[in-house]
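What follows is a single structure, written as structure tokens, with notes after it.
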Amino acid sequence: MNFQSATAADVQLLAQLNKQLIDDEGHRNRMTLPELEQRMAGWIGGGGYEAVLFERDGMSVGYALFRREPEHIYLRQFFVCRDVRRQGIGRRAVEWLQQNKWRDAPRVRLDVLMANEQAIEFWRAVGFRDYCLTMELG
Numbered sequence: 670m671n672f673q674s675a676t677a678a679d680v681q682l683l684a685q686l687n688k689q690l691i692d693d694e695g696h697r698n699r700m701t702l703p704e705l706e707q708r709m710a711g712w713i714g715g716g717g718y719e720a721v722l723f724e725r726d727g728m729s730v731g732y733a734l735f736r737r738e739p740e741h742i743y744l745r746q747f748f749v750c751r752d753v754r755r756q757g758i759g760r761r762a763v764e765w766l767q768q769n770k771w772r773d774a775p776r777v778r779l780d781v782l783m784a785n786e787q788a789i790e791f792w793r794a795v796g797f798r799d800y801c802l803t804m805e806l807g
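Throughout the sequence shown, residue numbering follows the working numbering, covering 670 to 807 in sequence.
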């Protein structure tokens, strides 16, 4: 496995992966691919976010998008491609991020949609604990 920091040249790939993430998790986001590209470009081009691409055998197999907050890392997006899930890629990526990008962070926070049971199980399996439940009406 290889991990590399994403650049502006990777925005199209990141947007495509983000679209797959949105579809897989059942998110209500209805942005088009061009809209996702524009948003991603803003995030990594001065919006305070950093993205890391996961590669195996020369192929992109996932990514993480995060930003540093004063008291924690906020992991906004984390995705492993469907056809390579349950092969240890996600776990290895989290370990690499902890050792390399998040080494000095006191904690890492993320949001998971309640209906995304597989993601909840994954995050608990790699050591995350429930902290907060966001609720909405409407």
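Glycine included, each C-beta is placed from N, C-alpha and C at the ideal position.
Secondary structure in the segment 769-798: the alpha helix (DSSP H) runs of 4 residues or longer, each lying completely within the stretch, are 786-794 in chain order. Gly-731 sits close to Ala-762, with the two beta carbons spaced by under 8 Å.
Judged by DSSP secondary structure, Gln-707 falls within the alpha helix (DSSP H) whose first and last residues are 702-713. In the structure shown, the three-state DSSP call for Ala-675 is coil.
Gln-746: not part of any alpha helix (DSSP H); member of the beta strand (DSSP E) spanning 742-749, first to last residue. Leaving aside the five residues that flank Ala-677 on each side, the residues in its chain whose CB is nearer than 8 Å to its CB run, in chain order, Ala-710, Ile-713, Gly-714. Judged by DSSP in its simplified three-state form, Glu-738 adopts coil rather than helix or strand. Under the DSSP assignment, Val-721 falls outside any alpha helix (DSSP H), being part of the beta strand (DSSP E) whose first and last residues are 718-725.
Counted as a single uninterrupted DSSP element, the alpha helix (DSSP H) harbouring Gln-689 occupies residues 680-694. Straight through space, the alpha carbons of Arg-760 and Arg-793 are spaced by roughly 11 Å. Relative to the Cα of Gly-757, the nearest Cα in the group Asp-773, Arg-725, Ile-691, Gly-695 belongs to Arg-725.
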